[in-house]
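Residue numbers (the working numbering), protein chains in the order written: chain A, 2 to 303; chain B, 90 to 268.
For every residue, glycine included, the Cβ atom is placed at its ideal position computed from N, Cα and C.
None of the values given here were measured: they were computed from a predicted structure.
Only one structure is covered here, and it is reproduced in the block below.
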């Protein structure tokens, strides 16, 4: 009798736990990627807050070894790199001068100076402290959270290009989905030919550039940047480079494989753009404009 | 209770350690520490209800740190615990090789479950060729580390139960004096 009662209670527990997890998934999905419900609170918030320093602590000895090796390796190549960079600097200074001249000639410089403030987005430097524990998802944990002005839906970039999007935040940490994740899709254009497509994560170190109209000019080595049309990421951020173009055959669309601009294996520091795109802003309308405006003004200074 | 809390703390640390490891090693070549702990619970934890709750909690912590839907790992961990508990009653999972084979298979099923749930909730493409390619080394690595994972849970459980038994013995002394 006792065994029967025990069995019944275990069955009830299984049903309750399964129901809880299914409801959690439905609620999470309904709140949209990076929706308002992803701002964690209470003990869930605490777990993410604890995870960031713990992961930093665990990674510290590995980081130290890796950094020492990298430093040594970079010292070996320092002289050659220095010469190459000097040459590049001269070329870029020359190009910069020519572009300025062209802008002044077209009378656009003054107008650009006026609207510059609108385009300047406050950036928050943040250290990457851990990656997704599951091999089937590509996200990272960064050491800045709500206390620093980070909110779900804010783009994350590095000096090399687009990294991803903040999907959940706690007080002192945030989770960001990488552009490599299978759930990620970014509206992109080829910088040279302006051909449009969708950059979709594969879950590996490469991405797909899909839905490119057949006959569009896509070549190996072309740089793909964000188009800004999705309303999630700002326009003009480098996403990657075309590594191969597939033969469309009889299909209406062609696709290509991209190598990301960011080396995700070596990523250590990122910048959170403290302003959401219009689509994300719409999703977060319930949160209120005041907070974002306040954070932006705090970051940009007086 | 102590055992449960200790394992919960270790289990909560597992995805954090894995996340830190992932910055150096591709995650497909890292053992899934959370899954190994849950299998260990399924094979050697005394209370089924306690093990179930622990497994669910470990899954939920993994959900918080991962890019998955909230509840996705939780559901899969409940399934993994149930499978380990049921199979330990029907099959001989005491040896190193049976445990490794069982965990490899469970790891593969769990990965397919992740893909299926992601597709079902429309959060991604689900199971594709790429995932299948990565699933094989991941399942093999998990299998290779399974005996170690189960042994670890067994040791923790035994160590803490011995400590509890020692305390109970001490608590009995005054009663015997009174009688």
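Contact belief for residue i with residue j at Cβ below 8 Å, rounded distance in angstroms
i, j, result
"residue 118/B", "residue 226/B", "6 Å"
"residue 153/B", "residue 45/A", "6 Å"
"residue 50/A", "residue 171/A", "5 Å"
"residue 199/B", "residue 221/B", "Not quite, the Cβ-Cβ distance comes to about 14 Å (not below 8 Å), so this is no contact."
"residue 246/B", "residue 133/B", "6 Å"
"residue 236/A", "residue 156/B", "Going by Cβ atoms, the distance from residue 236/A to residue 156/B rounds to 25 Å, so no, they are not a contact pair."
"residue 244/A", "residue 221/A", "7 Å"
"residue 147/A", "residue 167/A", "Not quite, the Cβ-Cβ distance comes to about 10 Å (not below 8 Å), so this is no contact."
"residue 259/A", "residue 208/A", "4 Å"
"residue 123/A", "residue 275/A", "4 Å"
"residue 150/B", "residue 48/A", "6 Å"
For residue i, three-class secondary structure by DSSP
i, result
"residue 236/A", "coil"
"residue 258/A", "strand"
"residue 180/B", "coil"
"residue 143/B", "helix"
"residue 270/B", "It is not possible to answer for residue 270/B, since the shown part of chain B is limited to 90 through 268."
"residue 181/A", "coil"
"residue 58/A", "helix"
"residue 34/A", "Summary for residue 34/A: the model assigns pLDDT 49, below 50, so the residue's position carries little reliability; its value from the coordinates is reported in the next sentence. Looking at residue 34/A - three-state DSSP - the assignment turns out to be coil, as it is neither helix nor strand."
"residue 197/A", "strand"
"residue 230/A", "coil"
"residue 82/A", "helix"
"residue 69/A", "helix"
"residue 252/A", "coil"
"residue 90/B", "coil"
"residue 124/A", "strand"
"residue 64/A", "helix"
"residue 204/A", "coil"
"residue 156/A", "strand"
"residue 67/B", "Any property of residue 67/B remains undetermined from this structure, which presents chain B solely from 90 to 268."
"residue 131/A", "strand"
"residue 150/B", "helix"
"residue 243/A", "strand"
Boundaries of the alpha helix (DSSP H) in which residue i is found, first to last residue
i, result
"residue 280/A", "279-284"
"residue 129/B", "122-133"
Element boundaries [beta strand (DSSP E), containing residue i]
i, result
"residue 216/B", "Careful: residue 216/B lies outside any beta strand (DSSP E) and carries neither H nor E."
"residue 142/A", "140-143"
"residue 270/A", "270-274"
"residue 212/A", "208-214"
"residue 170/A", "163-170"
"residue 188/A", "186-191"
Exposure of residue i, with buried meaning 16 or more beta-carbon neighbours within 10 Å
i, result
"residue 66/A", "exposed"
"residue 34/A", "Caution is warranted here: a pLDDT of 49 is assigned to residue 34/A, below 50, making its placement in the model unreliable, and the coordinate value is therefore given only provisionally. Label assigned to residue 34/A: buried."
"residue 188/A", "buried"
"residue 270/A", "exposed"
"residue 184/B", "exposed"
"residue 145/B", "buried"
"residue 102/A", "exposed"
"residue 251/A", "exposed"
"residue 84/A", "exposed"
"residue 141/B", "buried"
"residue 240/A", "buried"
"residue 12/A", "exposed"
"residue 110/B", "buried"
(request) Check whether the segment 126-139 of chain A touches the segment 53-62 of chain A, taking contact to mean three or more Cβ pairs, one atom from each stretch, closer than 8 Å. (result) yes
(message) Contact between the segment 175-189 of chain A and the segment 135-154 of chain A is defined here as three or more beta-carbon pairs at a separation below 8 Å; is this criterion met?
(response) yes
(request) Answer yes if the segment 155-174 of chain A comes into contact with the segment 226-243 of chain A, meaning at least three C-beta pairs across the two stretches below 8 Å, and no otherwise. (result) yes
(request) Tell me, please, whether the segment 133-143 of chain B touches the segment 148-161 of chain A by the rule of three or more beta-carbon pairs shorter than 8 Å. (result) no
(message) Pairs of beta-carbons, one from the segment 167-182 of chain B and one from the segment 204-214 of chain B, closer than 8 Å: are there three or more?
(response) no
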